[in-house]
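Reviewing the structure listed below.
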Ligand code: HEC
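Residue numbers (our numbering): 100 to 257.
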């Protein structure tokens with residue numbers, strides 16, 4: 100299931116890259132220009148050209164999930180979730196890794212990540228203490244969806 104999603108994403112990305120030869124996709128990787136211009140303003144509307152996103156990741160995102168949500172979610176993740184799940188979802192003694200295919204409660208689908216982020220985990224199975232709803236953060240539903248987009252991206256980078 101997850102494998103096939105990944106394959107579809109890879110294929111789509113290959114097609115997308117092939118279909119637009121010479122597009123700016125190719126200028127971005129490696130250059131990494133000023134990575135976090137919007138660090139202090141997660142809501143900044145209409146901020147042009149978000150940070151470059153791997154085309155394979157962009158193709159693997161579920162319907163309704165945008166690269167901009169991933170970027171915004173990354174900033175929000177760093178305010179709360181990072182304390183237990185670590186930088187880039189590597190995990191800590193307080194919370195499991197989120198950057199691989201090993202899940203405790205879910206199968207890694209985007210909607211599942213949205214739900215468990217919103218509700219938390221009252222009864223952890225492997226870690227010592229519960230995860231509070233929204234990780235204890237004061238996030239709107241929209242922000243939860245962005246955070247989930249970032250979490251999804253951690254295990255779907257190809
Ligand atoms: C206080 C520590 C803590 C914080 C803060 C926290 N979590 Fe968790 N998270 C946990 C624990 C504990 C579990 C469940 C582990 C278990 O069952 O043993 C969990 C589980 C999860 C899971 C399911 C993992 C799986 O393998 O099934 C996701 C997804 C998740 N957290 C995302 C988030 C996000 C996103 C945030 C920030 C909004 C967040 N968490 C904040 C501790 C935390």
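Backbone N, C-alpha and C define an ideal beta-carbon position, used for all residues, glycine too.
Tell me which residue opens and which closes the alpha helix (DSSP H) that residue i is part of.
| i | result |
| --- | --- |
| residue 251 | 240-253 |
| residue 226 | Per DSSP, residue 226 belongs to no alpha helix (DSSP H) and is neither H nor E. |
| residue 158 | 154-159 |
| residue 213 | 209-218 |
| residue 170 | 166-176 |
| residue 181 | 181-184 |
Taking 9 Å as the cut-off, decide whether the C-beta atoms of residue i and residue j are in contact.
| i | j | result |
| --- | --- | --- |
| residue 175 | residue 245 | yes |
| residue 168 | residue 194 | no |
| residue 179 | residue 233 | yes |
| residue 192 | residue 226 | yes |
| residue 221 | residue 243 | no |
| residue 209 | residue 154 | no |
| residue 249 | residue 163 | no |
| residue 203 | residue 212 | no |
| residue 255 | residue 159 | yes |
| residue 251 | residue 207 | yes |
Can you tell me the Cβ-Cβ gap for residue i and residue j, rounded? I've got them flagged as a contact below 8 Å.
| i | j | result |
| --- | --- | --- |
| residue 177 | residue 253 | 13 Å between Cβ atoms; not a contact. |
If you measure from the CB of residue i, is any heavy atom of the ligand NAD nearer than 8 Å?
| i | result |
| --- | --- |
| residue 209 | For the structure depicted, the ligand NAD is absent and the ligand set comprises only the ligand HEC. |
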